[in-house]
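Chains as they are written, first to last, in the numbering used here: chain A, 2 to 378; chain B, 5 to 262.
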């Protein structure tokens, strides 16, 4: 196995069994692990506390217990996260941070407190008025609360300097991931849609410094290869997430490359660096104020469509696929506006419903194939 | 020179043979779809109509839900692209296609040259599809093929839910127990399908000429309910159930020319 394949394999192992990764990490380091719910958590504070932040983004599991708490129209990410919590899958975590970013996440925090009392719940609420000073001050106070909770769990104070150092580690990771998606766009023959997702998603279960080093090693190997011409179509995926192995394989089968994304689980996480400054919590709070292009960050100017159109033009994207998380209100609200801006720019779009519990992808296959034919025939 | 298109659907298999990409020379429909002997029977039927064999077919393109499993084709193309091709061949002025099949409903938007611009499909739900009509016909103890004729005799349309086949089924049962005439219930069922599918079609933007295909296009009751719902007249091509197979045969001809 060459270096590239070995790195892909290593990353694939991480995403295939995060539970095992957490167990091993705890045994080897004697450190604590904190779960981070979608969509944005101040991982830097956890990192500064010497703990491992891990992403919690649901998964494909049968829903039996979660239905006691959630109605059928709650999104599948939240349903499966709660299901795992109720079944004890997350018992190795010392706590979870649940940001109340949408109606379902708000309920999630309350459900968690009652249903999964063995894993401590740390509440976090992002301000809607994120650009005004009061909003920044408010978010800073929320982060101070998160910090205090983590200090209680860890038994020691988290210094301003430590958080600032962690912010540097995270900004370096963000920069590396931005470079990675550029490399992936140039090498679609090597970095398939599934591999692209694997590289990004593995970052949720590894210490960020280590992940940065691994992604850099991977990129260094890939860029040694000559850039091959891509004969298929180039798409941009938009939405909360598109991490189903089967679904991503359908893109590959239909000769479509994911050249860019606007997914909350992927590019939106590393599009912007945490700004410079001295006061670490203030820096993290200001990060949210400069954040753009996400359905979860309130934006009266609706810049998301424009951001995507710029990306489409820059990368020569042939089509945009809206991976619409079923029952995700924030994404559904944005969809008509964003779709119009993209179609006005002359780029066709596809609406694809995403449900993590979906086991039969035949309908998605027909849609993706037709879209591929629409772009080529 | 013959090319063939095979459309293996969820409830029926359809086949068309085209001569030189211009003339339809054989058409077959067998009412059993993917996973059955339907596709084989369809092919046999087509060959017997022309007294030919597989070797006489230059290229074969397969489409429909069962396209992945059929091994004897030169290429597989999605049914949406094939319907687009087939309908545009029959009705060159078409700009919107409404296709209601056994278990899905689709609306397609075409440009003046017949290129597919956009499409929408129903989600994982039987409401507004052929299956919905099958279920209703069963409770009403009539044949699906009789539905159109019966609804024409309706004097008052009954409101039936368009959201869910299971809910609609219990609504129909309660109407039956209240002695509402079957014709009026059928008329309500057709309106329910039309509401569901026209809202789908409105999402792609309906432009004339509107063509309806798929098995359900043979039901005159659904067609007139659709016309009422979208406020436009609908063209039903003579070969409405086989436009997918026709499109596949035409693609096969293009494939041959490559």
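C-beta atoms are modelled at their ideal positions from N, C-alpha and C, and glycine is treated no differently.
A quick note: this is a predicted structure, and the numbers were derived from the prediction, not measured.
Review point. Is it right to say residue 63(B) is buried, meaning 16 or more other beta carbons lie within 10 angstroms of its own, or is it exposed?
Key: On the second chain, position 59 is the one that residue 63(B) refers to. It is buried - the Cβ of residue 63(B) has at least 16 other Cβ atoms within 10 Å.
Practice item. Would you kindly work out how many angstroms separate the C-alpha atoms of residue 259(A) and residue 227(A), rounded to a whole number? Key: For the purposes of this step, residue 259(A) is taken as residue 258 along the first chain, with counting starting at 1. For the purposes of this step, residue 227(A) is taken as residue 226 along the first chain, with counting starting at 1. Roughly 19 Å separates the two Cα atoms.
Check your understanding: Given 8 Å as the limit, is there contact between the stretch 138-154 of chain B and the stretch 201-213 of chain B, that is, 3 or more CB pairs closer than that?
Key -> With the cut-off at 8 Å, the stretch 138-154 of chain B and the stretch 201-213 of chain B do not touch.
Practice item. Leaving out five residues on either side along the sequence, give the residues of the same chain with a beta carbon under 7 Å from the beta carbon of residue 33(B). Key: Position 29 of the second chain holds residue 33(B). Result list for residue 33(B): 16, 18, 245 and 246, in chain order.
Exercise for review: Identify which residue in 102(A), 81(A) and 95(A) has its Cα closest to the Cα of residue 330(A).
Suggested key: Along the first chain, read from residue 1 onward, the residue named residue 330(A) stands at position 329. By alpha-carbon distance to residue 330(A), the top candidate from 102(A), 81(A) and 95(A) is 102(A).
Review point. If you check the beta carbons only, do residue 34(A) and residue 81(A) fall under 8 Å apart?
Key: Here residue 34(A) corresponds to residue number 33 of the first chain, with the count starting at 1. Here residue 81(A) corresponds to residue number 80 of the first chain, with the count starting at 1. Contact flag unset, no.
Check your understanding: Closest by CA to residue 235(B), which one among 206(B), 90(B) and 56(B)?
Key -> Taking the first residue of the second chain as 1, we reach residue 235(B) at position 231. Per the Cα distances, 206(B).
Practice item. Look at residue 188(B) and residue 162(B) and say whether their C-beta atoms are less than 8 Å apart. Key: Translated into the one-based positions of the second chain, residue 188(B) becomes position 184. Translated into the one-based positions of the second chain, residue 162(B) becomes position 158. Against a cut-off of 8 Å, the Cβ pair of residue 162(B) and residue 188(B) comes out as a contact.
Practice item. Measure from the C-beta of residue 129(A) to each C-beta in chain B and report whether the shortest distance is under 8 Å. Key: Within the first chain, numbered from 1, the residue matching residue 129(A) stands at position 128. No Cβ of chain B is located within less than 8 Å of the beta carbon of residue 129(A).
Point to revise | residue 381(A) - DSSP class collapsed to helix/strand/coil | key: Because residue 381(A) is not part of the residues shown, which for chain A are 2 to 378, the question remains open.
Check your understanding: Enumerated in chain order, which unbroken segments of the alpha helix (DSSP H) with a length of 4 residues or greater are wholly contained in the stretch 249-315 of chain A?
Key -> Whole alpha helix (DSSP H) segments, 4+ residues: 268-271 and 281-291.
Review point. Which residue comes first and which comes last in the beta strand (DSSP E) that contains residue 100(A)?
Key: One-based indexing of the first chain puts residue 100(A) at position 99. From DSSP, the beta strand (DSSP E) with residue 100(A) extends over 96-100.
**Study point:** Among 77(A), 63(A) and 122(A), nearest to residue 88(A) - alpha-carbon criterion
**Key:** Within the first chain, residue 88(A) is the residue found at index 87, counting from 1. The shortest C-alpha separation from residue 88(A) is found at 63(A).
Check your understanding: Pick from 367(A), 31(A), 310(A) and 287(A): whose alpha carbon is nearest that of residue 144(A)?
Key -> One-based indexing of the first chain puts residue 144(A) at position 143. Ranking 367(A), 31(A), 310(A) and 287(A) by Cα distance to residue 144(A) puts 287(A) first.
Review point. Looking at the structure shown, is residue 171(B) part of a helix, part of a strand, or coil, going by DSSP?
Key: Along the second chain, one-based indexing puts residue 171(B) at 167. Note: residue 171(B) maps to helix in three-state DSSP.
Check your understanding: Considering only residues of the same chain and omitting the five flanking positions on each side of residue 325(A), which have a CB-CB separation below 8 Å?
Key -> Here residue 325(A) is taken as the residue at index 324 of the first chain, counted from 1. For residue 325(A), where only same-chain residues beyond five positions count, the Cβ hits under 8 Å are 240, 332, 333, 336, 352, 353, 354 and 355.
Review point. From the beta carbon of residue 267(B), is the nearest beta carbon of chain A less than 8 Å away?
Key: Nothing about residue 267(B) can be read from this structure; chain B reaches only from 5 to 262.
**Study point:** Among 43(B), 121(B), 108(B) and 115(B), nearest to residue 127(B) - alpha-carbon criterion
**Key:** Taking the second chain and counting its residues from 1, the one referred to as residue 127(B) is at position 123. The shortest C-alpha to C-alpha distance from residue 127(B) to any of 43(B), 121(B), 108(B) and 115(B) is the one to 108(B).
Check your understanding: Do you know offhand how far residue 305(A)'s Cα is from residue 26(B)'s?
Key -> Locating residue 305(A) in the first chain gives position 304, where the first residue counts as 1. Locating residue 26(B) in the second chain gives position 22, where the first residue counts as 1. Their backbone Cα atoms lie some 47 Å apart in a straight line.
Review point. Can you tell me where the alpha helix (DSSP H) with residue 33(B) in it begins and where it stops?
Key: Against the second chain, residue 33(B) aligns to sequence position 29. Residue 33(B) -> not in any alpha helix (DSSP H); beta strand (DSSP E) instead, spanning 27-34.
Review point. Opposite residue 323(A) in the DSSP bridges: which residues?
Key: Residue mapping note: residue 323(A) aligns to position 322 of the first chain, counting from 1. 239(A) and 352(A).
Review point. Quick one: is residue 115(A) buried, meaning 16 or more other Cβ sit within 10 Å of its Cβ, or exposed?
Key: As a position in the first chain, residue 115(A) is number 114, starting the count at 1. By the 10 Å Cβ count, residue 115(A) comes out exposed.
Review point. Excluding the five sequence neighbours on either side, which residues of its own chain have a C-beta within less than 6 Å of the C-beta of residue 204(A), listed in chain order?
Key: If you number the first chain from 1, residue 204(A) lands on position 203. Excluding positions up to five away in sequence, the list reads 212.
Check your understanding: Between residue 367(A) and chain B, is there a C-beta pair that is closer than 8 Å?
Key -> Walking along the first chain from the start, residue 367(A) turns up at place 366. So, interface residue.
Exercise for review: Can you pull the chain B residues whose beta carbon is under 7 Å from the beta carbon of residue 378(A), in chain order?
Suggested key: As a first step, residue 378(A) is located in the first chain; it is residue number 377 there, counting from the start. Going along chain B in sequence order, the residues near residue 378(A) (Cβ under 7 Å) are 85.
Practice item. Would you be able to state if there are at least three C-beta pairs under 8 Å between the stretch 231-245 of chain A and the stretch 256-270 of chain A? Key: Short answer: they touch.
**Study point:** Residue environment, residue 233(B), which counts as buried when at least 16 other CB atoms sit within 10 Å
**Key:** Counting from 1 along the second chain, the entry for residue 233(B) is found at position 229. Buried, by the Cβ-count rule.
Check your understanding: The alpha helix (DSSP H) spanning residue 229(A) covers which residue range?
Key -> Here the question's residue 229(A) lines up with position 228 in the first chain. That residue, residue 229(A), is in no alpha helix (DSSP H); it is neither H nor E in DSSP.
Practice item. Tell me residue 79(B)'s beta-bridge partners as DSSP assigns them. Key: As a working note, residue 79(B) is residue 75 in the second chain. According to the DSSP secondary-structure assignment, residue 79(B) is paired through a beta bridge with 65(B).
Exercise for review: Give the range of the alpha helix (DSSP H) segment to which residue 212(B) is assigned.
Suggested key: Counting from one through the second chain, the residue named residue 212(B) turns up at place 208. No alpha helix (DSSP H) holds residue 212(B); DSSP gives it neither H nor E.
Review point. Under the DSSP definition of a beta bridge, which residues are partnered with residue 122(B)?
Key: The count along the second chain starts at 1 and reaches residue 122(B) at position 118. In DSSP, residue 122(B) forms a bridge with 113(B).
Review point. Would residue 186(B) pass as a contact of residue 104(B) if the rule is Cβ separation under 8 Å?
Key: Counting from 1 along the second chain, the entry for residue 186(B) is found at position 182. Counting from 1 along the second chain, the entry for residue 104(B) is found at position 100. At a Cβ-Cβ threshold of 8 Å, residue 186(B) and residue 104(B) do not count as neighbours.
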